[in-house]
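All remarks here apply to the structure that follows.
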Amino acid sequence: MVKAIIIGSGPAGLSAAYYGRLLDIKVELYESASFDENPLKPCGEAIPKFIFDYLPREMERDYILNYIKRAYFYFNGEMIREFKNMPLIDGYIIDKKKFLSNMAELAKSMGVKLIWSKFVHPNKVMDLMSEYDYVIDATGKGAFARRFLDYSNYKTIPVLQAYAKGNSVPEDTIVLWGVDKGYAWVFPRGDLYNIGVGGVYDNPNILRKIINEVLIHFNLKLVNDLRGASVSIGGPIKKLVYSNLRVIGEAAGMVMATTGEGIRFAVASGSIVFDDRYEERFWSEHGWKLRNSVKLLNLLLKIKNKTKLARIATDNDYFAFFEGLYSFSKILKIGFKYVFR
Ligand SMILES: Cc1cc2nc3c(=O)[nH]c(=O)nc-3n(C[C@H](O)[C@H](O)[C@H](O)COP(=O)(O)OP(=O)(O)OC[C@H]3O[C@@H](n4cnc5c(N)ncnc54)[C@H](O)[C@@H]3O)c2cc1C
């Protein structure tokens, strides 16, 4: 029987475990956190509806807390636009802990051997590669693949997240708060709000200042301390496979650089990781969008008067920005049309 070891039980590792079992692969999954701690990493907990194309169909959806159909977009503190009927905004705020525990229960019921509280040391990777037919790096950081694959474009930015109380944002509406080199969010989550901020800033105090402005603007009170983490903005690494080692999810930089959205791409990459054409499929189905979003971000960072761009871009442009649909030449055309004229 074909044997796989997966390291990391985030959305990527759990998705890979499920799809591996569908192919009758014997799967062992190791996670350094305990079941109760998982997930350790803070998250905005927003998912678009598109994710259901990749999630196991039989998974219970009791992790959904809010159905989102609208977004208020602010830029530098000014309300710029209300988005409605936009496919990406049509989504959910979830209880990520419940989401992962449902995935874990399903994987276990299919015969995955899931071992919690077990850190697998990256220096074991060669032994693992000779012992298993597949070694899947789903560590979120690329702890295993880093030794063999090119991580030169892997970049992260600091992010802060917390929960807050208040009542100024409707339960079906998210707030996206753009700033010069980053973004903040307010997502309604049951009787709380999930709030956070991230950006290309060296000084973490800038992030605190931005989130304080957001808290004051929406009259929100923190219910716990802000927790720090990092999120990828460099786009996917170029190669995802080395011999029988494969890398998925954020461990491969699979996050939309412009929005920080990574759960969908983690689950999607896990769903195809055992395909012989894994790398090719990833690039043709998702990778090109993620790469576009890095180019867009790099261009946006160079533009001085972003407020003007934010005001005159169309809803279609926003959708294409958030979803990585614009190629570099199209982005440049937009830059000339809106900003340099
Ligand atoms: C503050 C913040 C807000 C975010 N908000 C959103 C959002 O709203 N929507 C969205 O789609 N995305 C969001 N993201 C991104 C999203 O959380 C990640 O892209 C996604 O969780 C990646 O999933 P993953 O399975 O690849 O990695 P992870 O979720 O990072 O999981 C990796 C797992 O591997 C384990 N691990 C690591 N090393 C080892 C080891 N050596 N041995 C054993 N176990 C190991 C870790 O403990 C962890 O559980 C956010 C990220 C941050 C930081």
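For the record, in the sequence shown the residue sitting at position 170 is 275 according to this note's numbering, with numbers rising by one throughout. Beta carbons are placed, not taken as given, at the ideal position from N, Cα and C, and that holds for glycine. Fair warning: this is a prediction, and the values are worked out from it, not measured in the lab.
Taking the alpha-carbon of residue i as reference, which of the options has the nearest alpha-carbon?
i       : options                               : result
Asn-171 : Asp-296, Lys-409 and Phe-433          : Asp-296
Pro-341 : Val-274, Asp-277, Gly-245 and Phe-157 : Gly-245
Glu-150 : Leu-395, Trp-290, Val-328 and Gly-354 : Trp-290
Arg-54  : Val-352, Gly-303 and Leu-160          : In the structure as shown, the chain starts at 106 and stops at 446, and residue 54 therefore has no counterpart that could be examined.
Thr-278 : Gly-125, Asn-349, Asn-324 and Ala-176 : Ala-176
Asn-324 : Asn-349, Ser-348 and Ala-269          : Ala-269
Have a look at residue i and residue j and give me their C-alpha separation to the nearest angstrom.
i       : j       : result
Lys-413 : Leu-406 : 14 Å
Arg-382 : His-391 : 14 Å
Leu-193 : Thr-364 : 11 Å
Ile-130 : Val-360 : 27 Å
Arg-369 : Phe-155 : 8 Å
Lys-165 : Glu-236 : Before going further, note that residue 165 is Glu rather than Lys in the sequence given. So the alpha carbons of these two residues sit roughly 34 Å apart.
Leu-119 : Leu-205 : 8 Å
Ile-338 : Asn-403 : 10 Å
Phe-188 : Met-234 : 48 Å
Arg-313 : Leu-395 : 28 Å
Tyr-431 : Phe-178 : 20 Å
Tyr-86  : Glu-366 : Since the first and last residues shown for the chain are 106 and 446, residue 86 lies out of range.
Glu-384 : Leu-327 : 42 Å
Asn-317 : Arg-294 : 19 Å
Val-240 : Lys-201 : 25 Å
Using a Cβ-based criterion (distance less than 7 Å to any ligand heavy atom), does residue i qualify as near ligand 1?
i       : result
Arg-386 : no
Phe-224 : yes
Arg-162 : no
Tyr-135 : yes
Ala-356 : yes
Pro-192 : no
Asn-317 : no
Ile-152 : yes
Ser-114 : yes
Arg-313 : no
Val-132 : no
Glu-428 : no
Gly-149 : yes
What I want to know is whether the C-beta of residue i ends up closer than 7 Å to one or more non-hydrogen atoms of ligand 2.
i       : result
Thr-244 : Because ligand 2 does not appear in the structure shown, any question about it cannot be addressed here, the ligands present being ligand 1.
**OP:** Spell out a yes or no on whether the segment 227-234 and the segment 132-152 are touching, meaning 3 or more CB-CB pairs, one atom from each, closer than 8 Å.
**Re:** Between the segment 227-234 and the segment 132-152 there are fewer than three C-beta pairs closer than 8 Å, too few to call the two in contact.
Original post:
Does the pairing of the segment 148-162 with the segment 196-204 give three or more beta-carbon distances under 8 Å?
Top reply: Three or more Cβ pairs drawn from the segment 148-162 and the segment 196-204 lie within less than 8 Å of each other, which places the two stretches in contact.
Subject >> beta strand (DSSP E) runs contained entirely in the segment 217-285, provided each spans 3 or more residues >> reply: DSSP runs (the beta strand (DSSP E)) wholly in the segment 217-285: 218-220, 239-242, 261-270 and 278-284.
Original post:
So does the segment 341-352 actually touch the segment 269-282, counting three or more Cβ pairs closer than 8 Å?
Top reply: Flag = no, the segment 341-352 and the segment 269-282 do not touch.
Original post:
Using 8 Å as the Cβ pair cut-off and three pairs as the minimum, do the segment 320-337 and the segment 258-272 touch?
Top reply: The answer is yes - the segment 258-272 touches the segment 320-337, with three or more Cβ pairs under 8 Å.
Original post:
So does the segment 250-261 actually touch the segment 307-314, counting three or more Cβ pairs closer than 8 Å?
Top reply: Touching, no, given that fewer than three Cβ pairs across the two stretches are closer than 8 Å.
Subject >> Uninterrupted alpha helix (DSSP H) stretches inside the segment 112-146 (no shorter than 4 residues) >> reply: Qualifying alpha helix (DSSP H) stretches, in chain order: 116-127.
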